[in-house]
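**Student:** For the sequence shown, my numbering assigns the number 481 to the initial residue and increments by one for each residue that follows. Mind having a look at this structure? Questions to follow.
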Amino acid sequence: WKLVCRGLYQGIMFKQLILVLRSALFYVGYVLATIVMSFIFILLFPLMSPRRRHGFAAAWCKSILGWLRLSCGVNYEITGTDNLLEQPAVYLSNHQSSWETLLFYSLIFPISPILKMELLKIPFWGWALRLLKPIAIDRSKPREAARSLLLQGEQRLNEGNSIIIFPEGTRSEPGTIRKFSRGGASLAVAG
């Protein structure tokens, strides 16, 4: 009995070690690719049209999703893409990780996400993200954030961009749904 338990424990430990190593491999590649691509984006984006910028961002997101599949074995299936609209629209989604942000950028073109202002301050990545004209809001000032969301949201829709908003306001645990803020629905009705 002890031998069986020890063997099972060692098997579990080996699987966990492999999982940690694969995750570390992903993050090393992700960080390096992000730094390199951010420099390229920062240098080239001012010379590009907004549409071309979004094309580069979509290509980068697809490559990161591919790297995640290769390094960690993460597979996924997308259904319902026939429901995505050809014209600009407001999309609301739950938010559990940065994965769905990458996925939306690779599926909907062009897109302006609603995000917290702090993300634009991240060196390299945030600087490049700013050039894609997301709608950055200050969550510490809810009234101002709501006004900014509606004003910038309508502007982005008029420019031909779809909007992605995570109405729970932050990431949630899988299977958990937080209270939705009204901003996304207000923008969808106003837009």
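Where a beta carbon is used, it is the ideal one built from N, C-alpha and C, also for glycine. Model, not experiment: these values are computed from the prediction.
Please list, in chain order, all residues of the same chain as Ser592 whose beta carbon is under 7 Å from its beta carbon, the five residues on each side excluded.
**Tutor:** So the qualifying residues of the chain are Lys613, Pro614, Ile615, Arg636, Asn641, Ile643.
**Student:** DSSP on Ile644, reduced to helix/strand/coil?
**Tutor:** strand
**Student:** For Gly535 and Tyr585, what's the separation of their Cα atoms in angstroms?
**Tutor:** Going from the Cα of Gly535 to the Cα of Tyr585 covers about 9 Å.
**Student:** Where in the segment 510-588 do unbroken runs of the beta strand (DSSP E), each at least 3 residues long, occur, reported from the N-terminal end onward?
**Tutor:** You should have 570-572.
**Student:** Between the alpha carbons of Asn563 and Phe519, how many angstroms are there, rounded?
**Tutor:** Straight-line spacing of the CA atoms in Asn563 and Phe519 works out to 35 Å.
**Student:** What residue range does the alpha helix (DSSP H) around Pro622 cover?
**Tutor:** 622-638
**Student:** Measuring alpha carbon to alpha carbon, tell me which of Leu499, Cys541, Gln576, Phe646 ends up nearest Gly553.
**Tutor:** Leu499
**Student:** Which of helix, strand or coil does DSSP assign to Lys495?
**Tutor:** In the structure shown, the three-state DSSP call for Lys495 is helix.
**Student:** Excluding five sequence neighbours on each side, which residues of the same chain lie with their C-beta closer than 8 Å to the C-beta of Leu611?
**Tutor:** When the five nearest sequence neighbours on each side are left out, the beta carbons in the same chain lying within less than 8 Å of the beta carbon of Leu611 are those of Phe521, Ile522, Phe525, Pro526, Arg533, in order along the chain.
**Student:** Looking only at its chain, what residues have a beta carbon closer than 7 Å to the beta carbon of Ser551, apart from the 5 residues adjacent to it on each side?
**Tutor:** Arg502, Leu505, Phe506, Gly509
**Student:** Report the rounded CA-to-CA distance for Gly597 versus Thr514, giving the unit in angstroms.
**Tutor:** Note that residue 597 corresponds to Met in the displayed sequence, not to Gly. The straight-line gap from Cα to Cα measures roughly 19 Å.
**Student:** Along the chain, where does the alpha helix (DSSP H) containing Leu609 start, and where does it finish?
**Tutor:** Note, Leu609: alpha helix (DSSP H), 605-610.
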